[in-house]
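Same order as they appear, the protein sequences are chains A and B.
Letter by letter, the first sequence follows residues -4 to 231 in the working numbering.
Letter by letter, the second sequence follows residues 260 to 338 in the working numbering.
Okay, so here's the structure we're looking at.
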Amino acid sequence: MGTAALCATVINARAGGHGYSSARIEYSALSVSHPHRLPSKVAREDEPLLVKAAKSGDAAAFEELVNRYERKIFRLTMNITRNREDAEDAMQDAFMKAYSHLNTFQEDSRFYTWLVRIAANEALMRLRKRRPNQVSLDEPVEGEDDLMPREIRDWGPSPEQRFAQSEMRGILDQVIDQLDADFRTVFVLRDIEELSTEETAAVLGLSVPAVKSRLLRARLKLRQKLDRYMRDRNPN
Amino acid sequence: MNCNRVILEISNYIDGDLDAAMKLEIEQHLQNCGECMLVINQTKLTVEIFCDSQQVEFPQDARTRLHEALQRKMRKPAS
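This is the structure in structure tokens:
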């Protein structure tokens, strides 16, 4: 099959034909309950074919890959940089670099993971420029004392029940903005983009224990920061 | 198993990334420690809230600029 024919097949399949329909149905089902998530666990059988076609020079195949992941990559760069302009620049440069270096992609991992690695590095580079003291690739040196929660108490109604949606959005923005970039980046890759610990370690050039340590700190610090809002709202 | 040890294993516990013996030790501790149970539940809830809130808007103008830049790049002969 020629590359143009491949793309036509993919497009037709997305319209409901061939063997792609089950994945599309599953995707729709996932989208209802988690509209923010793309179906990372849904088999994307056409992706290796698209990558091969793009590698052989099929621009339409590469554009299809861009269409598929542009929203997720923008979300990733936005979550890392916390700056709209930097996020757009990082996203754009990531896709440009992916196009230029597509022939170096070994196809032994997911294309998306490879793309995330490029985009995360672009975003981190911009973050380092803007906040040079906040990003480090060193292993964490913090002790355990700072992790231990104090004055633990029941939150009562969940934050989502207690705060209006717009207020909740503002609180979450403030909370994640306050998190150190090192921790935020690991949290974003592991919990929001759903990369494995090993994939996150590879993307950031960290050891697996370092990723686990930062994820633990990120989750506990986010809980702690959210806890303050819960106490402020319900002082009794 | 004490509270400090449980806190250090919270992430692994939430992710189901513990061996059976450690998981059992933690669960036995949780039966008698309401505070650790609260921290675990609140940490899980925190992660869920952040994941569920991820409806980052992808601006149309950013998308347009991305595709225009791609088109320009694709038209250029490979260097």
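All C-beta atoms, glycine included, are put in the ideal place defined by N, C-alpha and C.
Given a length threshold of 4 residues, each whole run of the alpha helix (DSSP H) inside the region 171 to 227 of chain A is given here in chain order: 176 to 182 and 192 to 199. Taking each of A:Leu211, A:Leu217, A:Arg185 and A:Ser202 in turn and checking the Cα distance to A:Thr108, the smallest one comes out for A:Arg185. When the alpha-carbon of A:Ala114 is set against those of A:Glu42, A:Phe182 and A:Leu71, the nearest one is in A:Leu71. Residue range Phe106 to Arg125 is occupied by the alpha helix (DSSP H) that includes A:Phe106.
The Cβ atoms of B:Ile285 and B:Met260 sit closer than 8 Å to each other. Close to B:Thr323, with beta-carbon spacing below 9 Å, lies no residue of chain A; the smallest spacing is near 11 Å. Excluding five sequence positions before and after A:Arg121, the CB atoms of its chain that fall closer than 6 Å to its own CB belong to Thr76, Asp81 and Ala85, given in chain order. With distances taken between CA atoms, A:Met143 lies nearest to A:Gln219 out of A:Met163, A:Arg63 and A:Gln219. In the displayed model, A:Phe69 falls within a helix according to three-state DSSP.
Residues of chain A with a Cβ closer than 7 Å to the Cβ of B:Leu304 are, in chain order, Ser153.
Across the region 52 to 70 of chain A, CB contacts with chain B closer than 8 Å involve Ala54, Phe57, Glu58, Val61, Glu65, Arg66, Phe69 and Arg70, in sequence order along the chain. In terms of Cβ geometry, A:Ile166 and A:Tyr224 form a close pair [threshold 8 Å].
For B:Ala280, no Cβ of chain A is located within less than 8 Å of the residue's own Cβ.
Chain-order list of chain A residues neighbouring B:Glu294: Pro144, Ile147 and Arg148, by C-beta distance under 9 Å. Between the alpha carbons of A:Ala213 and B:Arg324 lies a distance of about 34 Å. Here A:Ile68 has Met86, Ala89, Phe90, Leu110, Val111 and Ala114 as same chain residues with Cβ atoms under 8 Å from its own Cβ, once five neighbours each way along the sequence are excluded. Contact residues of the region 181 to 195 of chain A toward chain B are Asp186 and Ile187 (C-beta to C-beta distance below 7 Å).
Exclusion of the five residues before and after B:Glu316 leaves no residue of its chain whose Cβ lies closer than 6 Å to its Cβ. For A:Gln87, the closest Cβ of chain B is nearer than 8 Å. Comparing C-alpha distances from B:Asp274 to each of B:Leu297, B:Cys295, B:Lys303 and B:Asn291 shows the shortest one belongs to B:Lys303. In the DSSP assignment, B:Cys310 falls within the unbroken alpha helix (DSSP H) covering Gly293 to Asp311. Considering only beta carbons, no part of the region 109 to 121 of chain A lies closer than 8 Å to chain B. Rounded to the nearest angstrom, the gap between the Cα atoms of A:Ser51 and A:Arg63 is 19 Å. Along the region 206 to 221 of chain A, going in chain order, the ones with a CB nearer than 8 Å to a CB of chain B are Lys207, Leu210, Leu211, Arg214, Leu215, Leu217, Arg218 and Leu221.
Taken through DSSP and simplified to helix, strand or coil, A:Arg148 comes out as coil.
Scanning chain B for C-beta atoms nearer than 7 Å to the C-beta of A:Glu102 yields nothing, as the closest lies near 20 Å away. Around the beta carbon of A:Arg179, 16 or more other beta carbons lie within 10 angstroms, which makes this residue buried. According to the DSSP assignment, A:Ala159 belongs to no alpha helix (DSSP H), since it is labelled neither H nor E.
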